[in-house]
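Chains C and Z supply the protein sequences, listed in that same order. Quick note: to get my numbering, add 529 to the position in the first sequence (first position is 1). Quick note: to get my numbering, add 1 to the position in the second sequence (first position is 1). Encoded as structure tokens, the structure appears first; notes follow it.
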Amino acid sequence: MGRRVVEQLHPGHGKAGCLKILRQLSAFLDAELPTDICKEIRKHMGACPNCEVFVTSLRRTVNLCRHSGYHQLSPTAKVRLRAQILKAVGRA
Amino acid sequence: MRKPPKGRGSASPPSSRVTTEKNGAKTAARFDRLYREQVDRIHRFAQRMCGPGEDAMDVVQETFLNAYRGLKDFRGEAQMSTWLYSIAARACMHMRRKRKGAPDRELSLDEFIPTSEGEFRLQVKTDGLTPEEALANKQLKRGLEDAIQALPRKYQLVLVLRDMEGLTAKQVGDVMMLSERAVKTRLHRARLFVRRELSARGLASPSRAPSGKIEG
Numbered sequence: 530m531g532r533r534v535v536e537q538l539h540p541g542h543g544k545a546g547c548l549k550i551l552r553q554l555s556a557f558l559d560a561e562l563p564t565d566i567c568k569e570i571r572k573h574m575g576a577c578p579n580c581e582v583f584v585t586s587l588r589r590t591v592n593l594c595r596h597s598g599y600h601q602l603s604p605t606a607k608v609r610l611r612a613q614i615l616k617a618v619g620r621a
Numbered sequence: 002m003r004k005p006p007k008g009r010g011s012a013s014p015p016s017s018r019v020t021t022e023k024n025g026a027k028t029a030a031r032f033d034r035l036y037r038e039q040v041d042r043i044h045r046f047a048q049r050m051c052g053p054g055e056d057a058m059d060v061v062q063e064t065f066l067n068a069y070r071g072l073k074d075f076r077g078e079a080q081m082s083t084w085l086y087s088i089a090a091r092a093c094m095h096m097r098r099k100r101k102g103a104p105d106r107e108l109s110l111d112e113f114i115p116t117s118e119g120e121f122r123l124q125v126k127t128d129g130l131t132p133e134e135a136l137a138n139k140q141l142k143r144g145l146e147d148a149i150q151a152l153p154r155k156y157q158l159v160l161v162l163r164d165m166e167g168l169t170a171k172q173v174g175d176v177m178m179l180s181e182r183a184v185k186t187r188l189h190r191a192r193l194f195v196r197r198e199l200s201a202r203g204l205a206s207p208s209r210a211p212s213g214k215i216e217g
């Protein structure tokens with residue numbers, strides 16, 4: 530189903546081109562692909578605005594994950610937790 | 002455990018008791034160091050897996066409890082942090098079973114292939130902002146947390162370990178006992194899932210917004 534839709538979206542653009550890009554996007558973003566394949570992907574993106582937007586959106590998603598924050602554990606909570614663990618193993 | 006020599010009864014001789022106590026003290030000292038060095042890391046991981054709150058605290062507690070019990074057998078073949086992540090990952094899975102969450106399902110690549118032009122062009126809106134600045138927006142931050150929580154557990158684990166905790170694909174494979182190839186496959190699907198969830202929650206728009214601000 531997906532393949533047919535992509536072909537309809539990009540008539541004449543290279544049938545499997547977009548799908549091939551989508552399958553390899555994470556490896557592309559993580560710089561794990563050989564240079565020639567990266568070049569091919571960049572070339573495809575230059576001619577395919579949809580894929581370019583898709584790549585950008587995925588890159589942003591990954592960047593958001595990499596920079597997401599978290600709550601620090603307070604010193605009091607650390608002490609309390611340690612005491613609970615030691616009690617459970619019989620060393621308190 | 003070695004049996005006491007025949008004819009001496011079942012009570013441990015004083016020297017054996019002293020050795021046991023010494024070993025116990027040694028384990029306790031190792032545990033203290035481990036706890037001091039790793040508690041923040043495991044707490045952060047637990048929060049990312051379970052969300053902030055009691056579940057995360059329970060995971061931290063279960064992780065260090067099991068680590069204490071396993072410490073005497075830890076030979077150092079793996080990095081200490083990788084070993085702890087493995088224990089924490091099991092604790093998260095255990096928590097999931099206890100909470101009777103939705104059963105894990107496989108994510109197929111096909112389900113992420115856009116089926117319309119508009120869907121293809123959905124953008125995650127962080128226009129002009131760094132990821133840190135963008136995440137100051139509560140709607141976006143919440144949307145990201147919800148999307149990660151909505152992931153099937155085995156995909157969530159890979160995404161959290163790789164993209165949030167910063168482990169290499171090989172290290173994630175060691176934690177989850179998976180090949181690097183399987184890690185990368187799951188990671189890709191997990192990322193596509195989160196991207197789709199962010200857009201489905203109205204955090205993305207079909208075109209680039211002219212302003213540098215995030216809506217919401």
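Note that the Cβ used here is the ideal one computed from N, Cα and C, for glycine as well.
Quiz prompt | Proximity of residue 558 of chain C and residue 145 of chain Z at Cβ, strictly below 8 Å | solution = For this step, residue 558 of chain C is matched to residue 29 along the first sequence. For this step, residue 145 of chain Z is matched to residue 144 along the second sequence. No; because the gap between Cβ atoms is not below 8 Å, this pair is not in contact.
Quiz item: Roughly how many angstroms separate the alpha carbons of residue 183 of chain Z and residue 551 of chain C, rounded to a whole number?
Solution: Within the second sequence, residue 183 of chain Z is the residue found at index 182, counting from 1. Within the first sequence, residue 551 of chain C is the residue found at index 22, counting from 1. About 17 Å.
Quiz item: When we look at the beta-carbon of residue 185 of chain Z and count the other beta-carbons within 10 Å, is it buried (16 or more) or exposed?
Solution: What you label residue 185 of chain Z is simply residue 184 of the second sequence in a count that begins at 1. Answer is buried; the Cβ neighbour count reaches 16.
Quiz item: Are the segment 143-158 of chain Z and the segment 603-620 of chain C touching by the rule of at least three beta carbon pairs closer than 8 Å?
Solution: no
Exercise. Give the interface partners of residue 602 of chain C over in chain Z, defined as CB-CB distance under 7 Å, in chain order.
Key: The residue labelled residue 602 of chain C in the question sits at position 73 within the first sequence. Per Cβ cutoff of 7 Å: 40, 41, 44.
Quiz item: What are the boundary residues of the alpha helix (DSSP H) that includes residue 88 of chain Z?
Solution: Indexing the second sequence from 1 puts residue 88 of chain Z at position 87. Looking at the DSSP string, the run of the alpha helix (DSSP H) that includes residue 88 of chain Z is 81-99.
Quiz item: Taking 8 Å as the CB-CB cut-off, is residue 542 of chain C touching chain Z?
Solution: Position 13 of the first sequence, counted from the start, is the residue given in the question as residue 542 of chain C. Bear in mind that the predicted position of residue 542 of chain C carries a pLDDT of just 49, short of 50, making it too unreliable to give a figure here.
Practice problem: For the segment 120-134 of chain Z, enumerate the residues whose C-beta is nearer than 9 Å to any C-beta of chain C, in chain order. | Solution: 121, 122, 123, 124, 125, 126, 127, 131, 132, 133
Exercise. Give the secondary structure of residue 601 of chain C by DSSP, where H, G and I count as helix, E and B as strand, and everything else as coil.
Key: As a position in the first sequence, residue 601 of chain C is number 72, starting the count at 1. Of the three classes helix, strand and coil, the one that applies to residue 601 of chain C here is coil, per DSSP.
Quiz prompt | Counted within 10 angstroms of its Cβ, other Cβ atoms place residue 109 of chain Z as buried (16 or more) or exposed | solution = As a first step, residue 109 of chain Z is located in the second sequence; it is residue number 108 there, counting from the start. It is exposed - the Cβ of residue 109 of chain Z has fewer than 16 other Cβ atoms within 10 Å.
Self-check item: For residue 69 of chain Z and residue 75 of chain Z, the rounded distance between their alpha carbons
Solution: For this step, residue 75 of chain Z is matched to residue 74 along the second sequence. For this step, residue 69 of chain Z is matched to residue 68 along the second sequence. Straight-line Cα distance between these residues: approximately 10 Å.
Quiz item: CB-CB under 8 Å to residue 49 of chain Z, same chain, minus the five flanking residues each way: which ones, in chain order?
Solution: Looking up residue 49 of chain Z in the second sequence gives position 48. Answer for residue 49 of chain Z: 149, 161, 165, 166, listed in chain order.
Quiz item: If you measure from the beta carbon of residue 535 of chain C to each beta carbon in chain Z, is any gap under 8 Å?
Solution: Counted from its first residue, the first sequence places residue 535 of chain C at position 6. Low confidence applies here, because residue 535 of chain C scores a pLDDT of 48, under 50, leaving its location unreliable and the question unanswered by this model.
Quiz item: Would residue 601 of chain C be called buried (16 or more neighbouring beta carbons within 10 Å of its own) or exposed?
Solution: Translated into positions along the first sequence, residue 601 of chain C becomes position 72. So residue 601 of chain C ends up on the exposed side.
Quiz item: If contact means a Cβ-Cβ distance below 8 Å, which residues of the segment 56-76 of chain Z contact chain C?
Solution: 58, 61, 62, 65, 66, 69, 70
Quiz item: How should residue 45 of chain Z be labelled, buried or exposed, when 16 other C-beta atoms within 10 angstroms of its C-beta is the threshold for buried?
Solution: Here residue 45 of chain Z refers to the residue found at position 44 when the second sequence is read from its first residue. The residue is buried, with at least 16 neighbouring Cβ atoms inside 10 Å.
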